[in-house]
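For what it's worth, this note's numbering labels the leading residue of the sequence shown as 9, then goes sequentially.
Glycine residues also receive a C-beta, built at the ideal position from the N, C-alpha and C atoms.
Keep in mind it's a predicted model, so treat the numbers as computed, not measured.
Written out below as structure tokens is the structure these notes cover.
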Amino acid sequence: MFEIIITVLIGVLGGIVVGVQAPIAGTMSQRVGGSACSLIVHVSGAIAAAIILVIRGGENIQNWHSLSWYMLGSGVFGVILHLTLSYTLPRLGATTAIVLIIIGQLAMGMIIDQFGLFGVAPRPVDQWRMLAAILLIAGAYLMIQ
């Protein structure tokens with residue numbers, strides 16, 4: 009039970025970080041442009057990741073060559089995320105932009121779970137998960153109003 013609580017708290021922390029980082033990046037993109045913002049964010053993130061990697065003893069970095077092409081290229085999705093945020097956030101506001109991102113994540117997560125894509129164990133979408141998704145989307149709609 010304790011492990012589940014810690015895992016949920018880490019997930020919430022990730023959401024908080026996205027909630028803070030998105031408006032910062034949105035404001036930065038207005039000053040330097042979306043692509044420049046994405047570059048700055050990813051370079052600073054790479055530096056932070058390198059420091060953490062050194063502190064953690066390198067983990068299993070030597071196995072990078074065995075990763076699939078889509079794993080090695082997944083940073084492209086981060087760039088797309090930053091470009092979409094840099095476009096939507098100044099036009100729609102932080103809440104709406106983040107809610108739209110969450111709706112996209114929810115839809116893609118359900119597809120990934122349903123079909124077991126990218127090495128994720130399949131978790132079929134049943135009526136309860138579908139109801140939860142509908143309620144989340146309805147809540148997102150109300151947030152946007």
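Note down the Cα distance separating residue 129 from residue 116, rounded to an integer number of angstroms. Within the sequence shown, numbered from 1, the residue matching residue 129 stands at position 121. Within the sequence shown, numbered from 1, the residue matching residue 116 stands at position 108. In a straight line, the C-alpha of residue 129 is about 15 Å away from that of residue 116.
DSSP on residue 37, reduced to helix/strand/coil? On the sequence shown, residue 37 is found 29 positions in, with the first residue counted as 1. Correct three-state label for residue 37: helix.
Should residue 49 be labelled buried (16 or more other beta-carbon atoms within 10 Å of its own) or exposed? Locating residue 49 in the sequence shown gives position 41, where the first residue counts as 1. Residue 49 should be labelled buried.
Excluding the 5 residues flanking residue 127 on each side, which residues of the same chain have their C-beta closer than 8 Å to its C-beta? If you number the sequence shown from 1, residue 127 lands on position 119. Same-chain partners within the cutoff: there are none.
Tell me whether the beta-carbon of residue 97 lies closer than 8 Å to the beta-carbon of residue 34. What you label residue 97 is simply residue 89 of the sequence shown in a count that begins at 1. What you label residue 34 is simply residue 26 of the sequence shown in a count that begins at 1. Cβ distance < 8 Å, so residue 97 and residue 34 count as in contact.
Anticipated Cβ contact below 8 Å, residue 27 with residue 106, distance rounded: The residue labelled residue 27 in the question sits at position 19 within the sequence shown. The residue labelled residue 106 in the question sits at position 98 within the sequence shown. Right, their Cβ atoms sit about 6 Å apart.
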